[in-house]
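Residue numbers (this note's numbering), protein chains in the order written: chain P, 1 to 438; chain C, 439 to 876.
Using N, Cα and C, we set each Cβ at its ideal position, and we do this for glycine too.
Heads up: the structure comes next, in structure tokens.
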């Protein structure tokens, strides 16, 4: 479409999440049909469901008829049971059955992503017969972007490109033209895996087959792009130390926001309380050398930061399928190396902080400033290494016990390292400094 | 392909990143041609480049001929100038020119993603003429999945589906069948934006047009899926408080890992040093009430955690285009509400920690335990709110100054909140507790 029209349209889409439902339906009704169709095609499922809900029955019926079967199914999944049945009742018998079939799948199943209507030809057909057969399917506006070869038993034999069809002679047989190597998935494969298959094989479409190898639907790349965005957003929010939101940030109510976040905050707070017990055990040190406290945030945060780096690296690599459980030792060795090197560098910097402090704010640490400098150097180095090892190992442990590695979020790792890091610091202080306190 | 064959193939792909280059070329040469083609199609650019580099010249020439033009260009971009020219020399004149044209684009440009060869028909053609014309293009194995209508001046008029072509009469005119509303992008659009367009409009392909509106190439969803994965990984790694890696974690050398991570760690450490200065200003408090130190990790980490949640939420929403600069105040209000509520809840829990500590470890806080309880409650509540506000506002500030909001990573926000949170805590303590210390 012309640039300005496209820009205006994109603007509407961007504003959409911020509009009240009354405003939305108003705006939608005002559009010319083709633009309205464009708009509803571009909405996410939540927004489609909400828009349809604000329509009157006849509007809703006609728009339900317009939408793809897989989209209708996704929308109905958003609704309470009774309402879903009611809307289902608005569909003609044939569509009704197909959609009900899709509804049987869990929301994250490949089956939920697939479109049950796709272009097909028989292996025994001649090119001419196949093209005539495709004519008919084209009139039922089934997309011909991808054409599959199915035998009389609906078994998937292969794929045939329209290019090959056009290039061939009228009485060549389809079976000779069919590309047999087709990547497929089953109806119950998790949608995240489907996304990985698409990116791994560079697919634009993938047939869904049942256990008998019968093709029952087609997943196209546009559906998968949404899935990948969704999954990435969920992961990112988990890394951030909260539950993933069901809707976009601005569309999520404040109470919902709190529900998704406060649980983790409380868990982390309770975990962090271990630090208070750890430190209570060092009353003597803290009591006699008050300035030990000054370096506590510096030291524990160094561990939290290196841990956050290690865990996000490993978690993402796991999500991308680059790192498997069996790679743990390899990862551990890498983090051992990197952590030691980075720990030494940061340790030296921490030590310099003490020495400079000594010379410029002269004498605040008394005659123990050298002991303190060593304590800080050793503690920072140790805690940074600790962060790398814990941050890289925790995702493996979660994976091992079938939890989502993404839950080993930066805050979770940081909390763990805070506790252990304090023990390192105060123990080193106990050994190096306290004996020299008169 | 048959399940076991597909599984075995996927296994090879999964193992690939872990194989040495010698092993890779060995394994690749051992494969039958069709499987070798599958394998190289599924590799990422780095791996393709490395594999080609280990080949002898004649192997390299034939495989370069096999690859898509846009892939060849991406591969050459990975190489040092001289080598790239050398490889370019292996191509026939026509391919050579097309690839050189692609090389002119920056790696993140839409132009770099596009394939310059695509199926085209003229608006003035009859359906019959168009189909014959497509025959010829099909023989040059140009994909017919998407067919575009270009006038004699290469201006993009629209798109025509092969379905429509087959359904139409032989002497209908293409211009009547063309779907005019086609979403396009320019050659210099950033690839991240391209990804957003694909997911927003649910596209499977998008034409690239130059400033004169001439179609110069086609971007297909499979290329975009890779881009989206890539961009998500980069963002995640930045959230984790480091520079994004150029390669997969396991393929990145340890020295490279350190280079990408230690810089941020040093910056954060130096930032964290502000906490030592902040606390040095409270020598009197820390010296006289040693157990104030006990709660420091508890308090600053609460702020770090709520800040990490807020910043990841806002950063991801910005990346998805859901939140724009102008939404700052709306976001701020939401975080003010959520932060206050969550702060109060956590404050009460923190307070209970002190009271329980008092009753079970009896008397360690002397007669000031109530004052301490209030201090902790107020500080935790304040710091949690502070975290929400800082974490949600920092990405906007970075955006405002044209920095990548993703750099407002969890560790960055945590460091900021550590410093300010300490000032809150120790100030409250100074006001509530110290006056009552005899």
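Check                                                                                                                                                                                        : Outcome
In the DSSP assignment, the beta strand (DSSP E) including residue 655 of chain C goes from what residue to what residue?                                                                    : 653-658
Buried or exposed, going by whether 16 or more other CB atoms sit within 10 Å of the CB of residue 248 of chain P?                                                                           : buried
So, helix, strand or coil for residue 452 of chain P, using DSSP?                                                                                                                            : Nothing in the structure corresponds to residue 452 of chain P, since chain P is present only between 1 and 438.
Using only CA atoms, which one of P:137, P:126, P:194, P:183 lies nearest to residue 164 of chain P?                                                                                         : P:126
For residue 873 of chain C, report the span of its beta strand (DSSP E) as first-last.                                                                                                       : Counting along the chain, residue 873 of chain C falls outside any beta strand (DSSP E), and DSSP gives it neither H nor E.
Buried or exposed: residue 691 of chain C, going by 16 or more other Cβ atoms within 10 Å of its Cβ?                                                                                         : exposed
Measure the beta-carbon distance from residue 45 of chain P to residue 74 of chain P and round it to whole angstroms, keeping in mind my assumption that it falls under 8 Å.                 : 5 Å
Pick helix, strand or coil for residue 186 of chain P, following the three-state DSSP scheme.                                                                                                : strand
Using only alpha-carbon positions, find the residue among P:401, P:392, P:422, P:403 that is nearest to residue 413 of chain P.                                                              : P:392
Please list, in chain order, the chain P residues whose beta carbon lies closer than 7 Å to that of residue 680 of chain C.                                                                  : 309
Assess, as a yes-or-no matter, whether the stretch 186-197 of chain P is touched by the stretch 138-150 of chain P under the definition of 3 or more beta carbon pairs within less than 8 Å. : no
What does the alpha-carbon distance come out to for the pair residue 120 of chain P and residue 263 of chain P?                                                                              : 51 Å
So the alpha helix (DSSP H) residue 179 of chain P belongs to, where does it begin and stop?                                                                                                 : From DSSP, residue 179 of chain P is part of no alpha helix (DSSP H); its letter is neither H nor E.
Please decide whether residue 463 of chain C counts as near chain P, where near means a Cβ-Cβ distance under 8 Å.                                                                            : no
Determine whether the Cβ of residue 286 of chain P lies closer than 8 Å to any Cβ atom of chain C.                                                                                           : yes
Taking the runs of the beta strand (DSSP E) that are 3 residues or longer, which of them lie wholly in the stretch 22-47 of chain P?                                                         : none
Please list the terminal residues of the continuous beta strand (DSSP E) segment that includes residue 148 of chain P.                                                                       : 147-150
I believe residue 776 of chain C touches residue 257 of chain P by the beta-carbon criterion, under 8 Å. Please report the beta-carbon distance rounded to the nearest angstrom.             : 5 Å
Mind reading off the beta-carbon distance from residue 723 of chain C to residue 730 of chain C? Whole number of angstroms is fine, and I expect it under 8 Å.                               : 6 Å
With C-beta atoms as the reference, is residue 594 of chain C less than 8 Å away from residue 653 of chain C?                                                                                : yes
Give, in chain order, every unbroken run of the alpha helix (DSSP H) that is at least 4 residues long and sits entirely within the stretch 82-115 of chain P.                                : 93-103, 110-113
Listing by chain order, which chain C residues have their CB less than 9 Å from the CB of residue 435 of chain P?                                                                            : By Cβ distance, chain C contributes nothing, its closest Cβ being about 19 Å from residue 435 of chain P, past 9 Å.
At the level of alpha carbons, what is the spacing between residue 387 of chain P and residue 377 of chain P?                                                                                : 16 Å
Reducing DSSP to helix, strand and coil, say where residue 158 of chain P ends up.                                                                                                           : strand
Cα-Cα, which of P:22, P:55, P:56, P:71 is closest to residue 42 of chain P?                                                                                                                  : P:71
Given that residue 677 of chain C touches chain P, what residues does it touch there, using C-beta distances under 9 Å?                                                                      : 236, 239, 240, 308, 312, 410
Closest by CA to residue 236 of chain P, which one among C:620, C:866, C:750, C:464?                                                                                                         : C:750
Of all the CB atoms in chain P, is at least one closer than 8 Å to the CB of residue 501 of chain C?                                                                                         : no
Residue 490 of chain C and residue 498 of chain C - do their beta-carbons sit closer together than 8 Å?                                                                                      : yes
Can you check whether the C-beta of residue 717 of chain C is within less than 8 Å of a C-beta belonging to chain P?                                                                         : yes
Just list the alpha helix (DSSP H) runs in the stretch 732-807 of chain C, keeping only unbroken ones of 4 residues or longer that don't cross its boundaries, in chain order.               : 734-757, 766-798
Determine the chain P residues that contact residue 761 of chain C at a beta-carbon separation under 8 Å, and present them in chain order.                                                   : 249, 250
Let me check one thing: in DSSP terms, what residues is residue 121 of chain P bridge-paired to?                                                                                             : P:149
Going by DSSP, which residues form a beta bridge with residue 564 of chain C?                                                                                                                : C:611
Suppose you measure from the CA of residue 142 of chain P to the CA of residue 118 of chain P; what does that come to, to the nearest Å?                                                     : 6 Å
Answer yes or no: does any C-beta atom of chain P fall closer than 8 Å to that of residue 670 of chain C?                                                                                    : yes
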